[in-house]
Amino acid sequence: MGEYIIEMLNITKDFPGIRANDNISLQLKKGEIHALLGENGAGKSTLMSILFGLYKPDAGRILKNGKEVNINDPNDANRLGIGMVHQHFKLVHNFTVLENIILGVETTERGVLKMGAARDKVVELSERYGLKVEPDLLISDITVGMQQRVEILKMLYRDNEILIFDEPTAVLTPQEIEELMLVMRGMADEGKSILFITHKLEEIKKVADRCTVLRKGKMVATVPVATTTVEEMAEMMVGRKMRFTIDKDEVSLGKPVLSVDNLCVKGAHEKNAVNNVSFDVHEGEIVCIVGIDGNGQSELAYAIAGLMDVASGSIKFMGEDISRATVRTRNDLGLAHIPEDRYKYGLVLDFDLQQNLALKNYYAPELQNRGFINYPAVREQADMLIEKFDIRSAQGADTMARSMSGGNQQKAIIAREINADPKLLIAVQPTRGLDVGAMMYIHEQLLQQRKEGKAILLISLELDEVFQLSDRILVIYEGNIVAQLAAKDATPQLLGLYMAGSKGESA
Amino acid sequence: MNKIKKWLLSISPSLIAILSGVFAGFIIMLISNPANAFSGLIVILKGGWNSGMKGVGQVLYFATPIILTGLSVGFAFKTGMFNIGASGQLVVGALASIYVGINWTFLPGHLHWIVAMLMGTLAGMVWGMLVGLLKAYRNVNEVISAIMLNYIGMYGVNYLIKSSNSMYDILRNQTANVAASAAIPKAGLDNIFYNLIGKFKDVSSVNAGIIIAVVVAIIIHILLNRTTFGYELKACGHNRYASQYAGVNENRAIILSMAIAGALSGMAGALMFLAPPSGMHIHVQEVLAPQGFNGIAVALLGLSHPIGIIFAALFIAHITVGGGYLQSLRYMREIIDIIIGLIIYFSAFSLLMRNIVLRATRKRKQYAGEEEAGV
Numbered sequence: 001m002g003e004y005i006i007e008m009l010n011i012t013k014d015f016p017g018i019r020a021n022d023n024i025s026l027q028l029k030k031g032e033i034h035a036l037l038g039e040n041g042a043g044k045s046t047l048m049s050i051l052f053g054l055y056k057p058d059a060g061r062i063l064k065n066g067k068e069v070n071i072n073d074p075n076d077a078n079r080l081g082i083g084m085v086h087q088h089f090k091l092v093h094n095f096t097v098l099e100n101i102i103l104g105v106e107t108t109e110r111g112v113l114k115m116g117a118a119r120d121k122v123v124e125l126s127e128r129y130g131l132k133v134e135p136d137l138l139i140s141d142i143t144v145g146m147q148q149r150v151e152i153l154k155m156l157y158r159d160n161e162i163l164i165f166d167e168p169t170a171v172l173t174p175q176e177i178e179e180l181m182l183v184m185r186g187m188a189d190e191g192k193s194i195l196f197i198t199h200k201l202e203e204i205k206k207v208a209d210r211c212t213v214l215r216k217g218k219m220v221a222t223v224p225v226a227t228t229t230v231e232e233m234a235e236m237m238v239g240r241k242m243r244f245t246i247d248k249d250e251v252s253l254g255k256p257v258l259s260v261d262n263l264c265v266k267g268a269h270e271k272n273a274v275n276n277v278s279f280d281v282h283e284g285e286i287v288c289i290v291g292i293d294g295n296g297q298s299e300l301a302y303a304i305a306g307l308m309d310v311a312s313g314s315i316k317f318m319g320e321d322i323s324r325a326t327v328r329t330r331n332d333l334g335l336a337h338i339p340e341d342r343y344k345y346g347l348v349l350d351f352d353l354q355q356n357l358a359l360k361n362y363y364a365p366e367l368q369n370r371g372f373i374n375y376p377a378v379r380e381q382a383d384m385l386i387e388k389f390d391i392r393s394a395q396g397a398d399t400m401a402r403s404m405s406g407g408n409q410q411k412a413i414i415a416r417e418i419n420a421d422p423k424l425l426i427a428v429q430p431t432r433g434l435d436v437g438a439m440m441y442i443h444e445q446l447l448q449q450r451k452e453g454k455a456i457l458l459i460s461l462e463l464d465e466v467f468q469l470s471d472r473i474l475v476i477y478e479g480n481i482v483a484q485l486a487a488k489d490a491t492p493q494l495l496g497l498y499m500a501g502s503k504g505e506s507a
Numbered sequence: 001m002n003k004i005k006k007w008l009l010s011i012s013p014s015l016i017a018i019l020s021g022v023f024a025g026f027i028i029m030l031i032s033n034p035a036n037a038f039s040g041l042i043v044i045l046k047g048g049w050n051s052g053m054k055g056v057g058q059v060l061y062f063a064t065p066i067i068l069t070g071l072s073v074g075f076a077f078k079t080g081m082f083n084i085g086a087s088g089q090l091v092v093g094a095l096a097s098i099y100v101g102i103n104w105t106f107l108p109g110h111l112h113w114i115v116a117m118l119m120g121t122l123a124g125m126v127w128g129m130l131v132g133l134l135k136a137y138r139n140v141n142e143v144i145s146a147i148m149l150n151y152i153g154m155y156g157v158n159y160l161i162k163s164s165n166s167m168y169d170i171l172r173n174q175t176a177n178v179a180a181s182a183a184i185p186k187a188g189l190d191n192i193f194y195n196l197i198g199k200f201k202d203v204s205s206v207n208a209g210i211i212i213a214v215v216v217a218i219i220i221h222i223l224l225n226r227t228t229f230g231y232e233l234k235a236c237g238h239n240r241y242a243s244q245y246a247g248v249n250e251n252r253a254i255i256l257s258m259a260i261a262g263a264l265s266g267m268a269g270a271l272m273f274l275a276p277p278s279g280m281h282i283h284v285q286e287v288l289a290p291q292g293f294n295g296i297a298v299a300l301l302g303l304s305h306p307i308g309i310i311f312a313a314l315f316i317a318h319i320t321v322g323g324g325y326l327q328s329l330r331y332m333r334e335i336i337d338i339i340i341g342l343i344i345y346f347s348a349f350s351l352l353m354r355n356i357v358l359r360a361t362r363k364r365k366q367y368a369g370e371e372e373a374g375v
């Protein structure tokens, strides 16, 4: 055997109503980068959670160096040398980098912390693997990229040999991704074994040695990356041939629908979250705001939708100033909003689907009569939207929103917002967490709206999505629009530079 | 068939809670007076039926205010607020209705008790609305302001009674009798709920209040489930962010829901005290009205559903009346109060615990689901 450092054999895990992992086997060689590919809901995270001791498998065995092991909790995993960089970092924000790295494995002498040795080790590791960090800065003061490096150093500090990366590139700029790939390669060359969870095929192609593909909880295959094409991997992942691009018709621009002028929005701290931002969105145009998460794009969307107060500047909608208008007024004027956080804003999870689909128009004449809701009409509207937008759920209109899958929840929100026949559609990360099929569907819907002459403001963190959909791209960095480009003039590299704040200060 | 199954499933937690509450009460009876514990349990479970139709009438009479305070708490629950201030709203409403009941004798016939009841409702509404206003415009936690208003209400009412010539019965240290025209009519219920002792008709205290309470419960049910207003309130209660997003005026929803909750408690106070001489009076003592707190138990047990609340209130009234008869088995009054209190609160809190556990597991599941979805 010897060849494999970790083997997960015939793993099966059931959740109520769903088999998340069905007889999956995964064998990780020492010193390789092994990609785990699958759509959302394919069972990647469940499998990794089992390896990390967060879940117990219902069946199957885990071997380390050929010997069977029991992993009951993350501490067991840690003892076996398994470390994980979670998609959402697990860092203490008011601790320094160094304190975070040693947290849990502090070296002490008679109960007093000994930081000196720890610092030396951290510095040594960060130089050896090219992981630049500032040990004494607070986590809250460093960039997301550096936070990720801290997470990686945490694993290395614990001498972990098996490193799990859960969608590590989602929060990075193209340049940072490049850097991460180099670091991963370096670690593999030093003998670390890496499991790399992702659904981005180019990244696998670039860095991984082998790739295990999962689909709907089942294992499709483990293939060597060098001899497999991107198209083949994609087909294994979704189970059918895929189109990668969708056709975009030429649409002529109409008059401006949204005009944002010198808009400022207060942030949590003294700094403005959105600072002197100005732009227009015209009929038949998709304007996309790109930036690294947390650079003010969320606040910008909330301010336009009326969920956050405007500090100064103005928002004009079809020529009318709506900077101080209520949410209801904006909605009635024709502003639709696919919110960033569908659990927080987009849905009332304890309402059923039909009530959620009526969330924006329950008070409209067609759904109510003298204050009484016309429930047959609500149901009719729901059935119509379910049919038209192919929203799948267990009990149709009566399904509780909470029990629906993420993709269908998002479809429901989009159905509701498009159904309002808006003039402006604000879509904030509309495909976050969705599988490829649902993503394509939503992209098609957005392009359809564009074709119908709607103005669309898209805020996205996925550059692929941005290039696929947008007509114009604005880059936001620390609340300022630092670049404004026509989509055809933009390249990922160029956007990356703007997004990282290393280029341009003028808009 | 499916519908019946679903319904049974939905009320089963309440039934289990009641059983565990009764069991807990039984244990106290075993400890305090083991010889009579079993017959004592029978007495409690027989409730009003221990003394025939009059007893049943008493159950309805006791149920009346707690249906309304239960609705008050349950209604606020539905809109995401915890109305612990039912007690204060009740006593303020009671005082207003007693004031009208004693002093506004110029009102003719039925108008007198109706106006008295409405004034009580209005006073409770103001008291509840204060909580809503503080929450909406000053972001004061409703539990804190409601508890304070409970005491302000209780002491304020005591002060007003004592300083009033017309309302204060100084001999009994309680409020004076309201005028006969201000009493809630019997509406024929006295011809159903009585016991015959020889030729003498021993009539129960029940009056049209129970009918009013049930009608109000149905109105609240319709308001919550059929109107746009109810839809908005529930949306606020389930997810205030989503309701903001939908353009619901959240402050208005908070204020109105607390105003309605207060009105319901105020009406409870009116219906309790607008009774003929044999009925209740406000005693000038430093005790918060227990009906307000029982409303919390009723709302929990009734799963905040208006119709469920009617039955929960009937159950609690049934147990309370049954407990009264325990004295015949030589249980001390205090022990009876403990037993009854235990049954009520054990029932309610076992339900609360269940909800907390459910929510925790659901959260965990949701978290797992999110991990899976890679959000």
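Residue numbers (my numbering), protein chains in the order written: chain V, 1 to 507; chain H, 1 to 375. Glycine included, every Cβ here is placed at the ideal spot set by N, Cα and C.
Contacts that residue i makes with chain V (C-beta to C-beta distance below 8 Å)
i: A242 (chain H); result: K344, Y345, G346, L347, V348 and L359
i: Y345 (chain H); result: Chain V residues near Y345 (chain H): none, gap ~26 Å exceeds 8 Å.
Spatial distance of residue i from residue j (CA atoms)
i: L95 (chain H); j: Y155 (chain H); result: 12 Å
i: S166 (chain H); j: H112 (chain H); result: 17 Å
i: V257 (chain V); j: P365 (chain V); result: 26 Å
i: G501 (chain V); j: Y477 (chain V); result: 6 Å
i: S265 (chain H); j: F293 (chain H); result: 11 Å
i: I91 (chain V); j: L163 (chain V); result: Looking at the sequence itself, residue 91 (chain V) is Leu, so the reference to Ile does not match. Going from the Cα of L91 (chain V) to the Cα of L163 (chain V) covers about 17 Å.
i: L45 (chain H); j: I254 (chain H); result: 39 Å
i: E340 (chain V); j: M267 (chain H); result: 44 Å
i: D435 (chain V); j: P13 (chain H); result: 38 Å
i: C236 (chain H); j: E127 (chain V); result: 53 Å
i: I315 (chain V); j: T326 (chain V); result: 13 Å
i: T69 (chain H); j: F349 (chain H); result: 17 Å
i: F196 (chain V); j: H305 (chain H); result: 50 Å
i: S403 (chain V); j: V357 (chain H); result: 18 Å
Any C-beta of chain H under 7 Å from that of residue i
i: F317 (chain V); result: no
i: Y362 (chain V); result: yes
i: V150 (chain V); result: no
i: F372 (chain V); result: yes
Cutoff 7 Å: residue i Cβ touching any chain V Cβ
i: L151 (chain H); result: Sequence inspection shows Tyr at residue 151 (chain H); the Leu mentioned does not correspond to that position. Judged by the 7 Å Cβ criterion, Y151 (chain H) is not in contact with chain V.
i: T228 (chain H); result: yes
i: G308 (chain H); result: no
i: A180 (chain H); result: no
i: A235 (chain H); result: yes
i: Y61 (chain H); result: no
i: I16 (chain H); result: no
i: E371 (chain H); result: Caution applies to E371 (chain H), whose pLDDT of 40 falls short of 50 and renders its modelled position unreliable; the value that the coordinates give is listed next. Yes, E371 (chain H) counts as interfacial toward chain V.
i: Y137 (chain H); result: no
i: G374 (chain H); result: For G374 (chain H), the pLDDT reaches just 35, beneath the cut-off of 50, and the residue's location in the model is therefore unreliable, leaving the point undetermined.
i: Y99 (chain H); result: no
i: Y231 (chain H); result: yes
The ligand HEM heavy atom lying under 6 Å from the CB of residue i
i: L288 (chain H); result: In terms of ligand content, the structure shown is empty, and the ligand HEM therefore cannot be addressed.
Neighbour list for residue i in chain V, Cβ cutoff strictly below 9 Å
i: N239 (chain H); result: Y343, K344, Y345, L347, V348, L349, D350 and F351
Neighbouring residues, chain V, relative to residue i (Cβ below 7 Å)
i: G247 (chain H); result: T326, V327, R328 and N331
Neighbour list for residue i in chain H, Cβ cutoff strictly below 7 Å
i: Q368 (chain V); result: T228
i: L307 (chain V); result: Q244 and Y245
Listed by chain order, chain B residues near residue i by CB distance under 7 Å
i: P339 (chain V); result: Absent from the structure: chain B. Protein chains present are V and H.
Beta-carbon neighbours of residue i, restricted to chain H and to distances below 8 Å
i: H196 (chain V); result: Going by the sequence as given, residue 196 (chain V) is Phe instead of His. Within chain H, no residue comes near F196 (chain V); the closest Cβ sits about 14 Å away, beyond 8 Å.
Strand pairing of residue i, partner residues [DSSP]
i: E109 (chain V); result: V:V112
i: K283 (chain H); result: Here the sequence assigns His to residue 283 (chain H), which means Lys is not the residue at that position. Note: H283 (chain H) sits in a beta bridge opposite H:Q174.
So within the segment 176-240 of chain H, which uninterrupted beta strand (DSSP E) runs reach at least 3 residues, ignoring any that extend past its ends? Within the segment 176-240 of chain H, the complete beta strand (DSSP E) segments of 3 residues or longer fall at 194-197 and 200-203, listed in chain order.
Let me know the beta strand (DSSP E) ranges lying completely inside the segment 232-317 of chain V, each 3 residues or longer, listed in chain order. The segment 232-317 of chain V contains these whole beta strand (DSSP E) runs: 256-266, 272-282, 286-290 and 312-317.
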